[in-house]
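Enquirer:
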Amino acid sequence: MKLIVNEHHHCDLIEIVGRIDSYSAPQIETVLDDLISDDHYNIIVDLQNVNFISSSGMLTFVKIQRKFKQQNKGEVIFIRVPGLIYRSFEIAGFNTIFKFFDAFETAQANFSSPEE
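Numbering follows our numbering, in which position 63 of the sequence shown is assigned residue number 64; successive positions increment by one, without gaps.
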């Protein structure tokens, strides 16, 4: 798995390439925790090049989303999610706690004010 993190206006974009499984999930969690530690709360995750996501991978994102809800700031948003990956979120019931968009610009517009 490969992670690419880019800072943008009002948000950070994380592009993931490969599989998200029990091996790679801790790596993703570390990157997300580091962003939060640096007061980066608006996170867009591009899953276009992800070919598999396990339950532990999904739970990594759920855990971060819960942190944001508890702090009453921040959010994880997914973009360009392949059909089978979205279906995994749907089957797990996690599609209701995240927003999904087709394009980066649409997701970025969701964050109307700069990070606090």
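No residue lacks a Cβ here, since even glycine has one placed at the ideal position from N, Cα and C.
(1) Buried or exposed: where does Ile92 fall if 16 or more other Cβ atoms within 10 Å of its Cβ makes it buried?
(2) So, using beta-carbon positions, are Ile54 and Ile17 closer together than 7 Å?
(3) Measure the CB-CB distance between Cys12 and Ile65 and report whether it falls below 7 Å.
(4) Could you tell me how far apart the beta carbons of Ser25 and Met59 are, in whole angstroms, since I believe they sit closer than 8 Å?
(5) Out of curiosity, what's the CA-to-CA distance linking Pro115 and His10?
(6) Between the C-alpha atoms of Val32 and Glu76, what's the straight-line distance to the nearest angstrom?
(7) For Arg81 versus Asp47, is the C-beta spacing smaller than 7 Å?
(8) Is Ala110 buried or exposed, if buried means 16 or more other CB atoms sit within 10 Å of its CB?
Expert: This is what the structure gives:
(1) The residue given as residue 92 occupies position 91 in the sequence shown. Exposed.
(2) On the sequence shown, position 53 is the one that residue 54 refers to. On the sequence shown, position 16 is the one that residue 17 refers to. In this structure, Ile17 does not lie closer than 7 Å to Ile54 by Cβ.
(3) As a first step, residue 12 must be located in the sequence shown, where it is residue number 11. As a first step, residue 65 must be located in the sequence shown, where it is residue number 64. Their beta carbons are not under 7 Å apart, which means Cys12 does not touch Ile65 by this criterion.
(4) Within the sequence shown, the letter at position 24 stands for residue 25. Within the sequence shown, the letter at position 58 stands for residue 59. Their Cβ separation, rounded to whole angstroms, is 12 Å, which puts Ser25 and Met59 out of contact at 8 Å.
(5) Locating residue 115 in the sequence shown gives position 114, where the first residue counts as 1. Locating residue 10 in the sequence shown gives position 9, where the first residue counts as 1. Note that Pro115 has pLDDT 49, beneath the 50 cutoff, so the model's placement of it is unreliable and the number below is only indicative. Cα-Cα distance, rounded: 7 Å.
(6) As a working note, residue 32 is residue 31 in the sequence shown. As a working note, residue 76 is residue 75 in the sequence shown. The alpha-carbon of Val32 is positioned some 15 Å away from that of Glu76.
(7) Taking the first residue of the sequence shown as position 1, residue 81 is located at position 80. Taking the first residue of the sequence shown as position 1, residue 47 is located at position 46. In contact: Arg81 and Asp47 (Cβ atoms closer than 7 Å).
(8) One-based indexing of the sequence shown puts residue 110 at position 109. By the 10 Å Cβ count, Ala110 comes out exposed.
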